[in-house]
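Structure, as structure tokens:
In this note's numbering, the protein residues as written are 346 to 423.
Have a look at this one:
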């Protein structure tokens, strides 16, 4: 069962409605979103140690979160 808007926001706060909708559309579980969020926060360590990026749905979620983080940083600079 796909996550709800509130469930997504409990795991990752501050996302745009569009990002939340894209996350829900993947059909991901809470565990997959949490794993993607962990990858995002620990990318230098995980990517360096494991010498790979997340794959599958976790990789999709990672890309959504990364794009959202980049957009937020760009908005802060403007």
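We put the beta carbon where it would ideally sit given N, CA and C, even for glycine.
Have a look at residue i and residue j and give me their C-alpha separation to the nearest angstrom.
i           : j           : result
residue 402 : residue 360 : 18 Å
residue 373 : residue 407 : 12 Å
residue 399 : residue 382 : 11 Å
residue 356 : residue 377 : 11 Å
residue 414 : residue 367 : 14 Å
residue 358 : residue 405 : 18 Å
residue 387 : residue 412 : 16 Å
residue 371 : residue 363 : 13 Å
residue 352 : residue 397 : 28 Å
residue 354 : residue 346 : 16 Å
residue 350 : residue 375 : 12 Å
So residue i and residue j are supposed to be a Cβ contact under 8 Å. How far apart are they, rounded?
i           : j           : result
residue 385 : residue 410 : 5 Å
Taking residue i as part of the alpha helix (DSSP H), name the residues at either end of that continuous run.
i           : result
residue 353 : 350-356
Scan the stretch 368-392 and note each continuous alpha helix (DSSP H) run of 4 residues or more that stays entirely inside, going in chain order. Within the stretch 368-392, complete alpha helix (DSSP H) segments of at least 4 residues are found at 375-386, given in chain order.
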